[in-house]
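Quick look at the structure:
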């Protein structure tokens, strides 16, 4: 085991690279702390990347959970300022269908207003003019300030800013154990999944921000948190059917939110308790797909004829109250646990529960506690300090300034990277040639992401650029991008293996909806990748190359842990 | 409009069937919606390289003995298969499509990701080898067109280096090619091939590559030459003292499209009618299950009538089959389709495992008569990938089934005539 020398004792080590962990890393770094964040996979791969992408106004919780509603609307207004390039102000409608009780609308509007959420009843006819995709039989509509948010961009911007303020970020690195000094946690053992290497990392305070995986993390320190994984499944449609978020005006239930985002829309979610040991392998069932479709069609009937691109599922980290081991009394609110006072384990805190919308507030609460423990008095500035990408101009202004005849790829990259898109080279026609034709991703943007945004594989690249996220789900662009990765990382056989994994990762979201256009698309994909490329011939059929790469070009492997 | 035979679908199977019928004087009409599987071809035809249980097949005619009785090859029968397998190279040569390879033994081809895959017969652009390896002493120059992203020389090099060969990669920048870039999505195989079809662009390329040669024993180019004619292929080969090969690109496939065009031209040159860009959208059947006529989108009320009809509409991608969440249907005639009921059983969660849905297709008799409501349709035969009972990707039998069933159904239609 390699230990890291004393000079790298961190003030704080954060476990988990979702929105909460990234936000906490940023907040701690902005307050002058020496920060290390450790993430098992890539950033935003847990629940952060597997939800609606809804910028809640809080209206959904107004009647049933006033506290959450108030938190949501506050954070909603903050994110609209600090994360402009991640957010789209679409507004939302809460629709009353003939089968719903119109009387609920009054209760709903009153509860919204009491929580500080603007809510205004709109004549159904006018609502249908504003949002023609909505069910024409609606008997009522209420407009609220919902929006959409890109969770990956949001997490990435937090990571980028944390790094700008000195934070160290380790991805593909897993915390395997805690290091104790008597009753104090003083560090963690880390396994680098790329190099296989194990190291010790030392910190004064360890923050567990691992979402649903957090229960497993603290168990390694002998601590129990009573968590209840709740699986939520969603469907992505290939068109942006609606421009305004559509909700049902009734008590929250299954499949009652349709959120537009970029060129697509998302219906969700289901909600089912699942065993803790299944949280690493969430798969959407045909029954869930059928439910999402039938309920979604009630909000927007045209979904019946809209192509479904993928199905996916995430796991909410629901936490039971400490005095309730049965789990009946579940909170959806923020849970901040000081394991020193709760469990007698010093140096360890957990921040969990909550939702994507409140990630910044959760980060602020966790950082406040860290600072209190370290005796640091710096105040939180994350509610007012814009994130990288939203500091200068709006994405529209940026793409206008970069404008030329090749407007589309530039506009797309400005949309994805905000004011950081200025660093993308679009100088030559080579830079402008398209890698992904569905999502208008240029070669310049792919090379920018590989160089600057910590891309280790095609899935990482997809999260950063949307390569392979369009209707074709990577048919041509995946192979093009694999070629560019092979060039950048100097290893072709690894890139081919990565390409195979990437196509399988795309399939995971497609097979639950494999009929109609999705099945056609998949058959084509199979003809190309299994047929033409021969990827369905098992390794024993032919001599297999272990990904032993001669040191051509620059290597992806770095010394020690896999730091980005 | 009256024909002897109307063939619905103008891909490999439909064209082969049409040519074979037209050759013996049958008046044929092919209705083609447009692109076919040849447009994303590997450049090689496969016939059978793996049995359903996973056993590798070296000698396709031997392997066929182990296939289930409902497999199209089993329906054709061993003797006829032997005859058809031997006849294939000659048939394509007559159409102006030279093929290489030993029809009795599978060889290997080089895939775009640098793997050696089993293959039966190949278009003459490509090379086939007996074993999945190249000469370890080989020194190979791999040439790409600068900025062309659908060909990855590094993947090819990694594949060849596994057998010990030494590879060097260059990318050639050609002035004429740079003009394609005025549109960011123009660097596709077919557009590049159009530019390379110009003599002066090719000579620029040849002289650029000649200067780069440093005693290599072979040159590999992406297969983006000769959209119109394969004379360009031999011309490039003759321009170098070194051996020249072409390697498969990601789609679209220039050699595949050239082959599609050649087959179509040949079909038309011997008197066939090829209706491109039209779709058969309805059919009229008599009470005794006989097709009376079919109608197309473009011809509206004007019907196509024939003694015999051949369904060569392909599988899901070509819309020969349609899948809804509950069932799988054949859209033109509403034929019976063989598939498993619950959609959970249509797929495997591993993309590259055997996908059951690939083996779904229309029900047929041993004579490939299509079946509707449990009754065979006397004058409607199905060929190619609209058929069920075989898994083209798992077995490596897509092109083989297209060609063999086309031969067989053409013979059945010819024999019927002789009986009459």
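Chains as they are written, first to last, in the numbering used here: chain A, 350 to 913; chain B, 0 to 419.
For every residue, glycine included, the Cβ atom is placed at its ideal position computed from N, Cα and C.
CA-to-CA distance, residue 375 of chain B to residue 290 of chain B, given in whole angstroms: 11 Å
Start and end residues, alpha helix (DSSP H) containing residue 847 of chain A: 841-859
Integer-rounded CB distance, given that residue 602 of chain A should sit under 8 Å from residue 645 of chain A: Not quite, the Cβ-Cβ distance comes to about 13 Å (not below 8 Å), so this is no contact.
Nearest-angstrom Cβ-Cβ length linking residue 408 of chain A and residue 443 of chain A, presumed shorter than 8 Å: 6 Å
Range of the contiguous alpha helix (DSSP H) that encloses residue 265 of chain B: Note, residue 265 of chain B: alpha helix (DSSP H), 253-268.
Same chain only: Cβ atoms within 8 Å of residue 215 of chain B, ignoring 5 sequence neighbours per side: 138, 139, 140, 167 and 241
Within 8 Å of chain B by C-beta, residues of the segment 774-807 of chain A in sequence order: 778, 779, 781, 782, 783, 784, 786, 791 and 792
Residue-level contact to chain A via CB, residue 186 of chain B, 9 Å cutoff: yes
Residue 149 of chain B burial status per 10 Å Cβ neighbour count (16 or more: buried): Classification for residue 149 of chain B: buried.
Chain A contact for residue 258 of chain B (CB, 9 Å cutoff): no
Nearest-angstrom Cα separation, counted from residue 540 of chain A out to residue 547 of chain A: 4 Å
Interface flag, residue 580 of chain A vs chain B, CB-CB below 9 Å: no
Distance, residue 497 of chain A Cα to residue 401 of chain A Cα: 8 Å
Proximal residues, the segment 23-47 of chain B versus chain A, C-beta separation under 8 Å: 36, 39, 40 and 41
Residue 276 of chain B burial status per 10 Å Cβ neighbour count (16 or more: buried): Here residue 276 of chain B is exposed. Its C-beta has fewer than 16 other C-beta atoms within 10 Å.
Start-to-end residues for the alpha helix (DSSP H) that takes in residue 871 of chain A: 865-875
Cβ separation of residue 699 of chain A and residue 433 of chain A, assumed to be a contact under 8 Å, to the nearest whole Å: Going by Cβ atoms, the distance from residue 699 of chain A to residue 433 of chain A rounds to 31 Å, so no, they are not a contact pair.
9 Å Cβ cutoff, residue 653 of chain A in contact with chain B: no
According to DSSP, residues forming a beta bridge with residue 783 of chain A: A:791
Chain-ordered neighbours of residue 631 of chain A on chain B, where CB pairs are closer than 7 Å: Result: empty, since nearest Cβ-Cβ is about 13 Å, beyond 7 Å.
Alpha carbon of residue 878 of chain A to alpha carbon of residue 847 of chain A, nearest angstrom: 13 Å
Exposure of residue 23 of chain B, with buried meaning 16 or more beta-carbon neighbours within 10 Å: Within a 10 Å sphere around the beta-carbon of residue 23 of chain B sit fewer than 16 other beta-carbons, which makes this residue exposed.
Classification of residue 114 of chain B by the beta-carbon crowding that lies within 10 angstroms, buried from 16 upward: Taking all protein chains shown into account, residue 114 of chain B has 16 or more neighbouring C-beta atoms within 10 Å of its C-beta and is therefore buried.
Residue 395 of chain A classed as buried or exposed, judged by whether at least 16 other C-beta atoms fall within 10 angstroms: buried
Three-state secondary structure assigned by DSSP to residue 152 of chain B: helix
Chain A within 9 Å of residue 247 of chain B, Cβ atoms only: It does; some Cβ of chain A falls within 9 Å.
Minimum C-alpha distance to residue 666 of chain A - residue among A:558, A:853, A:763 and A:714: A:558
Residue 411 of chain B and residue 4 of chain B closer than 9 Å at C-beta: no
Same chain only: Cβ atoms within 8 Å of residue 831 of chain A, ignoring 5 sequence neighbours per side: 807, 844, 845, 847, 848 and 851
Beta-carbon neighbours of residue 303 of chain B, restricted to chain A and to distances below 9 Å: Under the 9 Å cutoff, chain A gives no residues; its nearest Cβ is about 26 Å from residue 303 of chain B.
For residue 308 of chain B, the residue or residues it bridges with in DSSP: B:5 and B:379
Complete runs of the alpha helix (DSSP H) confined to the segment 420-497 of chain A [at least 4 residues]: Entirely contained in the segment 420-497 of chain A, the alpha helix (DSSP H) runs reaching 4 residues are, in chain order, 453-463 and 473-479.
Residue 551 of chain A - partner residues in DSSP beta bridges: A:358 and A:536
Beta-carbon proximity of residue 344 of chain B to residue 51 of chain B, cut-off 9 Å: no
Nonlocal neighbours in the same chain, by C-beta distance under 7 Å from residue 301 of chain B, ignoring five residues either side: 0
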